[in-house]
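See structure below.
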Amino acid sequence: MSNNMLTVRTYVPADADLTMDIFLRAIREVASKDYNQAQVDAWAKIEDREAWAKRRSSRPTWLVQCGSVSIGFADLEPDGHLDMMFVHPDYQGIGAASLLLMTVETEAKRQGLGRIFTEASLTARPFFERRGFTVLTSQTVEKRGQMLKNFRMEKSLR
Numbered sequence: 399m400s401n402n403m404l405t406v407r408t409y410v411p412a413d414a415d416l417t418m419d420i421f422l423r424a425i426r427e428v429a430s431k432d433y434n435q436a437q438v439d440a441w442a443k444i445e446d447r448e449a450w451a452k453r454r455s456s457r458p459t460w461l462v463q464c465g466s467v468s469i470g471f472a473d474l475e476p477d478g479h480l481d482m483m484f485v486h487p488d489y490q491g492i493g494a495a496s497l498l499l500m501t502v503e504t505e506a507k508r509q510g511l512g513r514i515f516t517e518a519s520l521t522a523r524p525f526f527e528r529r530g531f532t533v534l535t536s537q538t539v540e541k542r543g544q545m546l547k548n549f550r551m552e553k554s555l556r
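Under my numbering, think of the first position of the sequence shown as 399, with each following residue one higher.
Written out as structure tokens, the structure reads:
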């Protein structure tokens, strides 16, 4: 599958369920190679669909599509925080995350931000490192009683 089939569009409220499905499947089927079942179960939960939908609409969020199928999403908070970036398990390794990150970086620069930063999972850390992010610190976060390791990472845009 080539990159020229991938396009990016802006999130609309009707995309809430799509993004929830991508998020849950990415954790259950991809991150599960780096986290145990109890950790995956604690992470892969959305308790409030309305809160999820509100959060997606509260900031720039983009969906990457392969043809007409939405296969991933990413967002950007006003301070340069990349809160979420997930790609559907069936579409890993075709450039979807790279295109999303490029979109996020372009918007961050347009807004005059000097850096973007994220909390990368064990699974995502190598991807971000290959794209110029550095690890600031490793940390353990608590999700529904489970401790999950991740990495605070940033990339300068200057």
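Note that the Cβ used here is the ideal one computed from N, Cα and C, for glycine as well. Since the structure is predicted, the reported quantities are computational estimates derived from the model, not experimental observations.
Check: Cβ-based burial, Ser554 [other Cβ within 10 Å; buried from 16]; Outcome: exposed
Check: Distance CB(Met500)-CB(Phe526) smaller than 7 Å; Outcome: no
Check: For Leu480 and Arg454, the rounded distance between their alpha carbons; Outcome: 12 Å
Check: beta-carbon Arg426 near the ligand FAD non-hydrogen atom, thresh 6 Å; Outcome: As presented, the structure is devoid of all ligands, the ligand FAD included, so that no description of it is given.
Check: Residue(s) in a DSSP beta bridge with Leu461; Outcome: Arg407 and Phe471
Check: Nearest-angstrom Cα separation, counted from Val438 out to Ser430; Outcome: 6 Å
Check: Neighbourhood of Gly530 by C-beta distance below 7 Å, restricted to the same chain and skipping five residues each side; Outcome: Lys553
Check: Per-residue DSSP class, three states only, for Ser496; Outcome: helix
Check: Continuous alpha helix (DSSP H) stretch holding Ala522: start and end; Outcome: Segment: none, Ala522 is in no alpha helix (DSSP H) and carries neither H nor E.
Check: Cβ contact (3+ pairs, closer than 8 Å) linking the segment 461-476 and the segment 416-427; Outcome: yes
Check: Simplified DSSP assignment, three categories, for Leu534; Outcome: strand
Check: Terminal residues of the alpha helix (DSSP H) in which Val438 lies; Outcome: Gln435 to Trp441
Check: Ser400 burial status per 10 Å Cβ neighbour count (16 or more: buried); Outcome: Reliability fails at Ser400, whose pLDDT of 47 lies under 50, so the model's placement of it is uncertain and the value that follows must be treated cautiously. That one is exposed.
Check: Per DSSP, the bridge partner or partners of Gln544; Outcome: Lys541
Check: Continuous alpha helix (DSSP H) stretch holding Met418: start and end; Outcome: Ala414 to Glu427
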